[in-house]
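A.B. asks:
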Amino acid sequence: MSTTQFFQTPEGRRLAYHKSGDAGPTVVFLGGLKSDMEGTKAIHLEAWAHARGQAFLRFDYSGHGESDGRFEDGCIGDWHQDTLAAVDALTTGPLIVVGSSMGGWQALLLARAIPERIAGMVTIAAAPDFTEDGYWASFSDTQKHELDTQGFVELPSDYMEPYIISKRMIEDGRDQLVLRTPLTLDFPVRFLQGTQDTAVSTSTAVRLLEHAAGPDMRLTLVKDADHRFSDETCLNMIIQSIEEVISAE
1 MSTTQFFQTP EGRRLAYHKS GDAGPTVVFL GGLKSDMEGT KAIHLEAWAH ARGQAFLRFD
61 YSGHGESDGR FEDGCIGDWH QDTLAAVDAL TTGPLIVVGS SMGGWQALLL ARAIPERIAG
121 MVTIAAAPDF TEDGYWASFS DTQKHELDTQ GFVELPSDYM EPYIISKRMI EDGRDQLVLR
181 TPLTLDFPVR FLQGTQDTAV STSTAVRLLE HAAGPDMRLT LVKDADHRFS DETCLNMIIQ
241 SIEEVISAE
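Residue numbers (full-length UniProt numbering): 1 to 249.
(1) Measuring CB to CB, does Ile165 end up less than 8 Å from Val153?
(2) Report buried or exposed for Gln193, applying the criterion of at least 16 other Cβ atoms within 10 angstroms of its Cβ.
(3) Just tell me which of Phe29, Leu15 and His145 has its CA closest to the CA of Gly69.
(4) From this set, Gly99, Ile43 and Gly93, which residue's C-alpha is nearest Gly31's C-alpha?
(5) Less than 7 Å between the CB of Glu11 and some heavy atom of the ligand ADP, yes or no?
(6) For Ile118, which option in Ser138, Met217, Gly93 and Thr181 has the closest C-alpha, if you only look at C-alpha atoms?
(7) Taking C-beta to C-beta, are Leu109 and His80 nearer than 8 Å?
(8) Is it true that the CB of Ala89 sits closer than 8 Å to the CB of Gln54?
(9) Thinking C-beta only, is Pro188 closer than 8 Å to Ala248?
(10) Buried or exposed: where does Gln176 fall if 16 or more other Cβ atoms within 10 Å of its Cβ makes it buried?
(11) Quick one, which of His227, Arg190, Ala47 and Arg228 has its alpha-carbon nearest Val97's?
(12) Quick check on His80: does DSSP put it in helix, strand or coil?
(13) My output table needs one value for Ser247: the three-state DSSP class, helix, strand or coil.
(14) For the beta strand (DSSP E) that Gln143 lies in, which residues bound it at each end?
(15) If you follow the beta strand (DSSP E) that Thr204 is in, where does it begin and where does it stop?
(16) Can you grab the Cα-Cα spacing for the pair Thr3 / Ser241, in whole Å?
(17) My assumption, with CB atoms under 8 Å, is that His227 sits in contact with Val206. Please give the rounded CB distance.
(18) Quick check: what's the CA-CA separation for Val245 versus Gly12?
(19) Relative to the C-alpha of Asp78, which candidate in Thr181, Leu33 and Pro115 has its C-alpha closest?
(20) Taking the Cβ atom as the reference point for each residue, do Ala213 and Thr184 lie within a distance shorter than 8 Å?
(21) What residues in its chain sit with their C-beta under 7 Å from that of Pro10, if we drop five residues either side in the sequence?
(22) Tell me whether the beta-carbon of Phe56 lies closer than 8 Å to the beta-carbon of Val27.
(23) Apart from the five residues on each side of it in sequence, which residues of its chain come closer than 6 Å, Cβ to Cβ, to Ser101?
(24) Which partner residues of Gln5 appear in the DSSP bridge assignment?
(25) In this structure, what does DSSP give as the bridge partners for Ala23?
(26) Taking C-beta to C-beta, are His50 and Leu235 nearer than 8 Å?
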């Protein structure tokens with residue numbers, strides 16, 4: 001479909017990306033924690049964009065996929081810097097931001113940083129503030145001691161080897177929280193959430209909907225859909241949501 005290219009961020013991180021199409025607005029896919037731009041949703045959306053000539057960007061955060069760096073060294077703020085650098089260097093004009101899981105948090109951070117460029121947003125199992133409300137809130141006293149003394153804890157994953165969660169990720173996450181202060185999304189927004197998601201709860205999706213302010217915001221709960229949200233029905237729903245926010249732009 002497209003070939004992997006690389007660019008360097010102002011912070012000196014070398015990131016991998018795929019860019020295709022030229023008809024605006026540009027659809028930007030933001031992946032989840034420890035996922036990469038070769039995932040089912042990213043590839044499916046690229047094929048959809050290619051078929052209609054839509055400008056499309058997918059990339060790997062530092063420490064993810066083909067980009068340089070180690071996952072263990074990164075944090076939410078680093079990946080926010082990566083996202084800002086990618087859209088600044090690789091796109092022009094309005095953006096439709098599609099964020100999956102941690103990418104949903106990144107989409108919200110992007111909207112807070114450059115609201116003038118966001119024309120619409122779709123999130124899939126958005127996980128805002130999860131370092132605080134998910135990780136830190138669930139850590140035992142033993143895990144908190146490990147974090148303080150050795151600088152990291154290991155958490156099991158349903159999808160791959162254990163996550164290494166660093167003290168830096170937890171502390172930096174507190175500087176990136178979006179559910180504690182006003183969050184204005186002044187453009188069409190579609191939140192998508194599966195009811196069988198074991199990583200992000202429906203209560204998180206409802207909390208985000210209730211907290212954010214905007215003129216055109218909807219939450220769709222999909223019965224029995226899991227965190228991957230990647231079967232044919234879910235993929236079609238993502239595309240339909242993107243097309244809705246583009247047409248409403």
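Glycine included, each C-beta is placed from N, C-alpha and C at the ideal position.
C.D. replies: The relevant details are as follows:
(1) In terms of Cβ geometry, Ile165 and Val153 form a close pair [threshold 8 Å].
(2) Its Cβ being crowded by 16 or more others within 10 Å, Gln193 is buried.
(3) The candidate whose alpha carbon is nearest that of Gly69 is Leu15.
(4) If you compare the alpha carbons of Gly99, Ile43 and Gly93 with that of Gly31, the shortest gap goes to Gly99.
(5) The model on display carries no ligand, and the ligand ADP is accordingly not part of it.
(6) The shortest Cα separation from Ile118 among Ser138, Met217, Gly93 and Thr181 belongs to Gly93.
(7) yes
(8) no
(9) yes
(10) buried
(11) Arg190 is the residue among His227, Arg190, Ala47 and Arg228 whose C-alpha sits nearest the C-alpha of Val97.
(12) helix
(13) Ser247: helix per DSSP, three-state reduction.
(14) Counting along the chain, Gln143 falls outside any beta strand (DSSP E), though it belongs to the alpha helix (DSSP H) covering Asp141 to Gln150.
(15) From DSSP, Thr204 is part of no beta strand (DSSP E) but of the alpha helix (DSSP H) over Thr202 to His211.
(16) Distance between the alpha carbons of Thr3 and Ser241 is about 27 Å.
(17) His227 to Val206, Cβ: 16 Å. No contact.
(18) 34 Å
(19) Leu33
(20) In this structure, Thr184 lies closer than 8 Å to Ala213 by Cβ.
(21) Ala85
(22) yes
(23) Gly32, Ala125 and Ala127
(24) Tyr17
(25) Gln54
(26) No, Cβ-Cβ distance for His50 and Leu235 is not below 8 Å.
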